[in-house]
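Have a look at the structure below, then the notes.
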């Protein structure tokens, strides 16, 4: 077939267009493959990040740093008010389950007494150990419908502990409950408290005479690192109140929560602390390194928080309330 001259002149141009189209198609297909590979790589990265989050978020506690020197100064005072000492002639024993829920207490005045257990949730291991010593256990928790286990020595009430009674009667001051149970004036009571931050208002409003009824107090303290200025001031005030009548003898950080660097001062957000009444004992300087061999991490999958030689902290300067002798109780027996 004879190709018209005008069309013949266009053949090279059409050929070049076709070649360009073929090249563009090849490049497009290559780009598509590159895009698919990139998307597959992104999916792998996203899956890897999702896997890391699923492991890291619950596995490791958070560290919070607040560069506030005023908060740091109060945090340092709080630690000095929590400075542990050893009890002369007594040893520490564990009551409650391993890890979270157990407390170290001194082996004195635990048999056959009355114990108050504030905050139960799903754990009565401490209560069972105390009941095994013949103690009557008065338990208060308004957030549960029933105890996880029962014991003849348990007396559970669906009542919460607060500074003031609530209108519906669900919340009650601890001093009122002690009086209602016929324990007013007794000085052999034991207290275990874990009420998720409400301890500060409870102790702040508690009469010193009620506080003095407890020969030992094992408790969990919350919001030590994350407290704003106003709450931190209240916490320090409550610690001074406790320090006036009771001496810290053991401290352990709960590694479920935050660890704070507050104004340069390292302090856990949650601490387990055991106090004993000053007038019952003599004390000597504590040279233990915390955590001690008797301690167990609250979370088994995370290392315990290292607190070091807390007993080496300087003793706090306190104004002694009338009728007390904090300096003699602490320093005279060192």
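Residue numbers (the working numbering): 1023 to 1356.
Note that the Cβ used here is the ideal one computed from N, Cα and C, for glycine as well.
Asked, Found
"Cβ separation of residue 1300 and residue 1268, assumed to be a contact under 8 Å, to the nearest whole Å", "6 Å"
"Contacting residues, own chain, Cβ-Cβ under 8 Å from residue 1253 (five flanking each side not counted)", "1222 and 1245"
"Given residue 1279 as reference, the closest of 1048, 1085 and 1314 once Cα atoms are compared", "1085"
"Inter-stretch contact (C-beta, 8 Å, three-pair minimum) for the region 1135 to 1151 and the region 1196 to 1210", "yes"
"Distance CB(residue 1237)-CB(residue 1291) smaller than 9 Å", "no"
"Residue from 1216, 1045 and 1162 with nearest C-alpha to residue 1194", "1162"
"Secondary structure of residue 1204, DSSP reduced to three states", "coil"
"Distance, residue 1104 Cα to residue 1259 Cα", "12 Å"
"Classification of residue 1042 by the beta-carbon crowding that lies within 10 angstroms, buried from 16 upward", "exposed"
"Whether residue 1108 touches residue 1307 by CB criterion (9 Å)", "yes"
"Inter-residue spacing [alpha-carbon to alpha-carbon] between residue 1220 and residue 1257", "11 Å"
"Reference residue 1157, options 1168, 1101, 1131 and 1324, closest by Cα", "1131"
"Integer-rounded CB distance, given that residue 1106 should sit under 8 Å from residue 1271", "6 Å"
"Residue 1076, DSSP secondary structure in three states", "Because residue 1076 carries a pLDDT of 46, less than 50, the predicted location of this residue cannot be relied on, and the following value inherits that uncertainty. Reduced to three states, the DSSP call for residue 1076 is helix."
"C-alpha distance - residue 1323 paired with residue 1145, whole-angstrom precision", "19 Å"
"Helix, strand or coil at residue 1197 [DSSP, three-state]", "helix"
"CA-to-CA distance, residue 1186 to residue 1228, given in whole angstroms", "10 Å"
"Rounded Cβ spacing between residue 1304 and residue 1110 (contact assumed at less than 8 Å)", "4 Å"
"Option in 1294, 1277 and 1234 with minimal Cα separation from residue 1243", "1294"
"Between the CA atoms of residue 1314 and residue 1296 - distance to the nearest angstrom", "14 Å"
"N-terminal and C-terminal residue of the alpha helix (DSSP H) that residue 1268 is part of", "Segment 1268 to 1275 is the beta strand (DSSP E) holding residue 1268; no alpha helix (DSSP H) there."
"Residue range of the beta strand (DSSP E) that includes residue 1238", "1236 to 1243"
"DSSP three-state assignment for residue 1142, whether helix, strand or coil", "coil"
"Residue of 1160, 1277 and 1327 minimising C-alpha distance to residue 1204", "1160"
"Neighbourhood of residue 1353 by C-beta, 6 Å cutoff - its chain only, sequence neighbours within 5 removed", "Annotation note: pLDDT 41 at residue 1353 (below 50); position unreliable, coordinate value reported separately. Here the set comprises nothing."
"Buried versus exposed, by CB contacts within 10 Å (16 or more), residue 1151", "buried"
"Residue from 1168, 1182 and 1183 with nearest C-alpha to residue 1176", "1168"
"Same chain, Cβ closer than 7 Å to residue 1094, five either side skipped, listed in chain order", "1284, 1285, 1286 and 1287"
"CA nearest to the CA of residue 1312, picked from 1201, 1328 and 1265", "1328"
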